[in-house]
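This report concerns only the one structure given below.
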Amino acid sequence: MSATVSKEDTGGRRPPGGGRRRPSLRSVLIWGAVSVVGAIAWTVLALARGETVSALWILFAALCSYAIAYRFYARFIAHRVLEVDDTRATPAERMHNGVDFDVTDRRVLFGHHFAAIAGAGPLVGPVLAAQMGYLPGTIWIIIGVIFAGAVQDMTVLFFSMRRNGKSLGQMVREEIGIVGGIAALIAVFAIMIIILAVLALIVVNALAESPWGVFSIALTIPIALFMGIYLRILRPGRVLEATAIGVALLLGAVIGGGYIDDTALGEALTLSKEWLVLALVIYGFVASVLPVWLLLTPRDYLSTFMKVGVIGLLAVGLLLARPVLQAPAVTEFAREGTGPVFAGSLFPFVFITIACGALSGFHALIASGTTPKMLAKESQVRLIGYGGMLMESFVAISALIAACVIDQGLYYAMNAPAGVTGGTPETAAAYVTGLGFPTTPADLAAASAAVQEPSLISRTGGAPTLAVGIANILSQAFGTGMAAFWYHFAIMFEALFILTAVDAGTRVGRFMLQDTIGNVWKRFGDLSWRPGNIIASAIVVGLWGSVLYIGVTDPLGGVNQLFPLFGISNQLLAAIALTLGTVLLIKHGKIKYAWVTGVPLVWDLVVTMTASYQKVFSSDPAVGYFAQRQRYADALAAGELLPPAQNAGQMQQIVNNSTLNGVLQAVFAVLVLVVVANAVVVIGRAIQAHRAGLPVPTTEEPYVPSTLVEPSGIFPTAEEKRAMAENRRLVGAGTGPEARP
Amino acid sequence: MTTAGVRGAVGRAWRGVRWYLREWSGEARWDDYLQECAEHGHEPMSRREFERRRADALERNPAGRCC
């Protein structure tokens with residue numbers, strides 16, 4: 001730390017954006033207005049009961065809160081807590097090699113980072129959490145992102161940047177200790193497997209018995225292959241051309257899918273869940289061993305363009321359609337924990353069901369991987385880390401709105417497992433009406449006819465519900481008659497980027513495995529050794545494939561059983577990341593600011609440990625995995641059948657699955673506690689050393705002065721523009737559209 | 001605003017979007033490379049070769065994708 005240039009040393013010139021100055025009248029007026037609009041929106045949401053509430057209030061509450069948080073809290077974290085220093089060269093500048101270390105324009109890097117962090121998580125979690133009503137989800141998404149999620153992303157990005165872009169696992173090992181490091185490594189790998197399996201499960205549930213969906217998704221593979229060959233052989237490097245062709249073909253595939261119903265092809269593509277699992281596993285394996293240029297890279301371009309396009313379209317659609325919320329503010333499931341979508345009460349289960357969008361540990365892997373090696377300026381961690389996560393949170397809010405504006409009878413008919421809805425419109429309507437959300441078989445049949453799906457009953461996993469919500473909003477906004485197209489368009493877009501995440505995740509998992517085993521068996525760690533690639537890919541695919549298969553065939557409903565495991569593991573990963581952040585703040589002598597990561601860490605630990613405890617020890621069989629196991633095992637021993645199991649085989653399956661889920665849950669929690677315990681020891685030592693005036697070594701890279709001049713936010717300030725013009729005059733460098741002649 | 005002014009603004013916006021997409025997708029790396037070669041007086045490799053090397057570098061640095 002001694003090498004850090006403090007503000008006083010920079011010749012009296014305040015670093016851009018730092019320092020205190022009197023706010024101008026204009027800025028007082030603008031921020032005053034934002035606060036007032038935000039406060040009104042929150043008041044409407046909090047007080048409205050039993051009357052019609054426009055979904056736009058949620059949107060305004062979110063946007064105003066984000067703006068205030070970004071302007072004030074993120075700035076405070078950047079300048080006071082982390083003390084970003086723009087006179088210090090970033091790894092991209094110091095170690096520039098044009099490959100992974102590359103100074104990248106902040107706006108371009110924002111796009112890259114956002115594309116990397118945003119996936120299906122923020123779309124699915126809020127949809128499932130809508131069973132608690134719209135209010136709990138809205139509050140947690142907005143408050144969570146401001147004080148936990150965005151803070152985690154930004155601090156991990158900053159600390160990794162100060163360490164040449166080291167990974168989360170590496171930083172835990174070097175800064176906390178070997179025990180914590182190993183626990184974190186195992187946790188990261190295991191959590192990744194669960195996440196891949198649950199993501200794949202969502203795709204399977206969205207595509208099962210849906211020939212239109214299968215058709216358009218299957219066609220994304222040849223389309224991506226074509227783009228890959230185009231970019232490699234036909235016209236190397238013309239990414240935009242290839243992507244434009246790919247997007248056009250993709251839209252053609254979605255439209256074309258509407259014509260295959262009632263044809264032989266349509267029949268052939270009506271696949272059961274088991275067949276889809278097999279197809280996904282084979283696909284995942286092949287994609288992991290194929291060269292990336294052929295499938296993964298082009299697919300990634302497609303999925304990112306679609307993702308950004310659909311999110312933009314949905315935001316415009318919401319403004320035009322101004323839908324009214326159908327969900328109540330808070331349902332009785334929130335209080336009693338008896339909801340059919342997932343079991344458990346509001347605390348802690350809302351906070352783990354909505355992971356991505358509020359707080360997502362997985363982001364720490366991205367924020368400590370590619371992104372820190374591309375930052376031009378330290379102060380840009382605020383835009384990229386904090387701002388990127390706010391954007392993801394906005395996606396989550398849009399998804400929550402989409403789930404809350406559809407008819408609630410339909411919502412529960414779609415999201416309750418087949419074991420309770422019975423799978424037919426008649427039984428489902430009776431079940432849902434019994435829950436207190438009146439609907440009729442005719443309404444349910446009409447809903448599926450409107451989107452041209454054979455059935456919407458028990459299409460769990462969130463993706464179909466979101467697609468119905470998107471189709472509703474876009475039909476309202478842009479004219480009716482296209483609902484079926486929008487539905488399948490939405491399904492295609494969700495499946496497309498889930499598959500991209502599965503591809504990329506399998507590959508990252510394979511690298512982790514090869515790297516780890518490479519420590520004991522050198523040859524295996526060589527990434528160019530073909531048999532090693534194949535074995536490692538097969539192991540990774542085999543692991544998530546089996547969890548996927550277990551989920552798909554679970555009589556209790558895979559989403560119902562596995563989604564809590566997914567949410568808790570993601571939040572446990574966040575606990576590891578926040579622990580690292582807290583340790584580093586204390587090691588760097590910033591104990592008075594340790595609460596910035598410490599408070600969200602404590603909250604996250606309380607939530608995840610309560611949830612884990614309940615999932616393991618709860619005596620309620622709907623919540624506790626082992627209680628569930630006991631209940632079915634006892635019945636099985638007595639020769640009885642308990643619904644929804646229909647035979648002894650299914651009873652045995654429930655017993656096995658519950659045991660596995662319970663063991664996994666317990667293991668994850670213990671791994672995280674090991675990391676935290678190790679961190680407590682390290683923190684204690686660091687505080688003692690600081691008190692005694694001894695140095696506390698960290699692996700932070702020493703200060704090297706920067707020669708780059710770049711703005712820190714999206715729009716350069718007048719001061720930054722002057723500095724950039726000055727610098728261009730001197731050295732002629734810079735990024736941005738003006739930089740190139 | 002005059003017609004010329006509107007045209008100027010539209011032109012700037014179009015150039016901005018085009019710049020963004022080319023940078024984001026990595027197409028602009030080729031331009032950077034040509035410029036670098038010109039500055040240092042190197043003979044540039046063919047675009048095919050250049051893109052091949054870039055793609056192969058991605059092979060070892062998989063971009064993570066989140067949930």
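Those protein sequence lines, which keep their order, are chains F and V.
Mapping to full-length UniProt numbering: the first sequence position 348 is 348, numbers consecutive.
Mapping to full-length UniProt numbering: the second sequence position 4 is 4, numbers consecutive.
Heads up, the beta-carbon is just placed ideally off N, CA and C, and yes, glycines get one too.
Model, not experiment: these values are computed from the prediction.
Next item on the list: Can you say whether R53(V) is buried or exposed, counting buried as having 16 or more other CB atoms within 10 angstroms of its CB?
Entry: The residue given as residue 53(V) occupies position 53 in the second sequence. Classification for R53(V): exposed.
Next item on the list: Could you tell me which uninterrupted alpha helix (DSSP H) segments, each at least 4 residues in length, are contained entirely in the stretch 41-86 of chain F, listed from first to last along the chain?
Entry: The stretch 41-86 of chain F contains these whole alpha helix (DSSP H) runs: 56-68.
Check: Based on Cα-Cα distance, which residue from A48(F), G551(F), W57(F), M171(F) lies nearest to V37(F)?
Finding: Against the first sequence, residue 37(F) aligns to sequence position 37. Of A48(F), G551(F), W57(F), M171(F), the residue nearest in Cα terms is W57(F).
Check: For S210(F) and chain V, any beta-carbon pair shorter than 8 Å?
Finding: The count along the first sequence starts at 1 and reaches residue 210(F) at position 210. No, no contact with chain V.
Notebook entry, point to check: At least one CB of chain V closer than 8 Å to the CB of K7(F): is that the case?
Noted result: On the first sequence, residue 7(F) is found 7 positions in, with the first residue counted as 1. Caution is warranted here: a pLDDT of 40 is assigned to K7(F), below 50, making its placement in the model unreliable, and the coordinate value is therefore given only provisionally. For K7(F), the answer is no, since every Cβ of chain V falls outside 8 Å of its Cβ.
Next item on the list: Pick helix, strand or coil for V292(F), following the three-state DSSP scheme.
Entry: Mapped onto the first sequence, residue 292(F) falls at position 292. Note: V292(F) maps to coil in three-state DSSP.
Next item on the list: Mark K522(F) as exposed unless 16 or more other C-beta atoms lie within 10 angstroms of its C-beta, in which case mark it buried.
Entry: Position 522 of the first sequence, counted from the start, is the residue given in the question as residue 522(F). So K522(F) counts as exposed.
Item checked: 4 or more residues per run - each alpha helix (DSSP H) lying fully within the stretch 468-536 of chain F -> Within the stretch 468-536 of chain F, the complete alpha helix (DSSP H) runs of at least 4 residues are 483-518.
Checklist line | Listed by chain order, chain V residues near P236(F) by CB distance under 8 Å | finding: Residue mapping note: residue 236(F) aligns to position 236 of the first sequence, counting from 1. Chain V residues near P236(F): R47, R48, F50, E51, R52.
Item checked: Distance, I139(F) Cα to F349(F) Cα -> If you number the first sequence from 1, residue 349(F) lands on position 349. If you number the first sequence from 1, residue 139(F) lands on position 139. Going from the Cα of F349(F) to the Cα of I139(F) covers about 14 Å.
Item checked: Closest Cα partner of L295(F) within the set V198(F), L320(F), F524(F), R507(F) -> Reading the first sequence from its first residue, position 295 is the one you call residue 295(F). Of V198(F), L320(F), F524(F), R507(F), the residue nearest in Cα terms is R507(F).
Next item on the list: Step through the CB atoms of chain F and report whether any lies within less than 8 Å of the CB of R7(V).
Entry: Counting from 1 along the second sequence, the entry for residue 7(V) is found at position 7. It does not; no Cβ of chain F falls within 8 Å.
Margin query: By the three-class DSSP mapping on this structure, what secondary structure does G17(F) have?
Written below: Along the first sequence, read from residue 1 onward, the residue named residue 17(F) stands at position 17. The predicted position of G17(F) is uncertain, since its pLDDT is 48 and thus under 50; a value taken from the coordinates is nonetheless stated next. If DSSP states are grouped into helix, strand and coil, G17(F) belongs with coil.
Notebook entry, point to check: Per DSSP, V324(F) is paired with what?
Noted result: Indexing the first sequence from 1 puts residue 324(F) at position 324. Answer is S54(F).
Check: Would E7(V) be called buried (16 or more neighbouring beta carbons within 10 Å of its own) or exposed?
Finding: Position 7 of the second sequence holds residue 7(V). Per the sequence shown, the amino acid found at residue 7(V) is Arg instead of Glu. Exposed, because fewer than 16 other Cβ atoms sit within 10 Å of the Cβ of R7(V).
Check: Between the Cα of V655(F) and the Cα atoms of A463(F), L556(F), G545(F), which residue gives the shortest distance?
Finding: In the first sequence, residue 655(F) corresponds to position 655, counting from 1. Comparing Cα-Cα distances from V655(F) to each of A463(F), L556(F), G545(F), the minimum goes to L556(F).
Margin query: Taking 7 Å as the limit between beta carbons, can you name the residues of its chain near A442(F), skipping five residues before and five after?
Written below: Here residue 442(F) is taken as the residue at index 442 of the first sequence, counted from 1. Excluding sequence neighbours, A442(F) sits near nothing in its chain.
Next item on the list: With 9 Å as the C-beta to C-beta threshold (strictly closer), list the residues of the stretch 14-28 of chain V near chain F in chain order.
Entry: R15, G16, R18, W19, Y20, L21, R22, E23, W24, S25, G26, E27, A28
Notebook entry, point to check: Got a sec, what are the start and stop residues for the alpha helix (DSSP H) C404(F) sits in?
Noted result: Looking up residue 404(F) in the first sequence gives position 404. Run containing C404(F): 388-404, per the alpha helix (DSSP H) assignment.
Note to self: Looking at chain F, is there any beta carbon in it that lies within less than 8 Å of the beta carbon of C37(V)?
What the structure shows: For this step, residue 37(V) is matched to residue 37 along the second sequence. Cβ-Cβ to chain F under 8 Å: no for C37(V).
Check: In its own chain, which residues sit with a C-beta less than 6 Å from the C-beta of V172(F), not counting the 5 before and 5 after it?
Finding: Your numbering for residue 172(F) matches position 172 in the first sequence. If we look at V172(F) and ignore the five residues flanking it on each side, its Cβ neighbours are G180, G181, A184, L580.
Checklist line | Candidates M192(F), D503(F), I714(F), M95(F), of which the one nearest G284(F) by Cα | finding: As a working note, residue 284(F) is residue 284 in the first sequence. For the residues M192(F), D503(F), I714(F), M95(F), the minimum Cα distance to G284(F) belongs to D503(F).
Note to self: Quick check: is the beta carbon of A55(V) nearer than 8 Å to any beta carbon in chain F?
What the structure shows: Locating residue 55(V) in the second sequence gives position 55, where the first residue counts as 1. Closer than 8 Å: yes.
Checklist line | Beta carbon proximity, T2(V) to chain F, threshold 8 Å | finding: Residue mapping note: residue 2(V) aligns to position 2 of the second sequence, counting from 1. Cβ-Cβ to chain F under 8 Å: no for T2(V).
Margin query: With H, G and I counted as helix, E and B as strand and the rest as coil, what does DSSP make of P695(F)?
Written below: Translated into positions along the first sequence, residue 695(F) becomes position 695. Correct three-state label for P695(F): coil.
Next item on the list: From the DSSP output, in three-state form, read off R88(F) for me.
Entry: In the first sequence, the residue the question calls residue 88(F) occupies position 88. Strand, per DSSP.
Notebook entry, point to check: Rounded to the nearest angstrom, how far is the Cβ of S25(V) from that of Y301(F), given a contact under 8 Å?
Noted result: On the second sequence, position 25 is the one that residue 25(V) refers to. On the first sequence, position 301 is the one that residue 301(F) refers to. S25(V) to Y301(F), Cβ: 7 Å. Contact.
Notebook entry, point to check: By how many angstroms is the C-alpha of G237(F) removed from the C-alpha of E426(F)?
Noted result: Along the first sequence, read from residue 1 onward, the residue named residue 426(F) stands at position 426. Along the first sequence, read from residue 1 onward, the residue named residue 237(F) stands at position 237. So the two alpha carbons sit approximately 55 Å from each other.
Next item on the list: Starting from the Cα of P697(F), find the closest Cα among I714(F), L673(F), L585(F), M724(F) and give me that residue.
Entry: Here the question's residue 697(F) lines up with position 697 in the first sequence. For P697(F), the nearest C-alpha among the options comes from L585(F).
Margin query: Taking 8 Å as the threshold (beta carbon to beta carbon), is L34(V) in contact with chain F?
Written below: Numbered from its first residue, the second sequence carries residue 34(V) at position 34. Contact of L34(V) with chain F is not assigned, every C-beta pair being separated by 8 Å or more.
Note to self: I'd like to know whether the C-beta of P291(F) is nearer than 8 Å to at least one C-beta of chain V.
What the structure shows: Along the first sequence, read from residue 1 onward, the residue named residue 291(F) stands at position 291. So yes, P291(F) belongs to the interface.
Check: Is the CB of E43(V) under 8 Å away from at least one CB in chain F?
Finding: The sequence position of residue 43(V) within the second sequence is 43, counting from 1. For E43(V), the answer is no, since every Cβ of chain F falls outside 8 Å of its Cβ.
Checklist line | Interface positions of the stretch 341-373 of chain F facing chain V (Cβ-Cβ less than 9 Å), listed along the chain | finding: A355, C356, S360, F362, H363, L365, I366, G369, T370
Item checked: Cβ shell of A62(F) (< 6 Å), same chain only, five flanking positions each side left out -> On the first sequence, residue 62(F) is found 62 positions in, with the first residue counted as 1. For A62(F), where only same-chain residues beyond five positions count, the Cβ hits under 6 Å are I142, I397.
Check: Taking DSSP as the reference, what is the three-state secondary structure of G643(F)?
Finding: What you label residue 643(F) is simply residue 643 of the first sequence in a count that begins at 1. Looking at the sequence shown, residue 643(F) is not Gly but Pro. Three-state DSSP puts P643(F) in coil, outside helix and strand.
Notebook entry, point to check: What residues from chain V crowd round Y301(F), counting only those whose CB sits closer than 9 Å?
Noted result: Numbered from its first residue, the first sequence carries residue 301(F) at position 301. Those are S25, listed as they occur along chain V.
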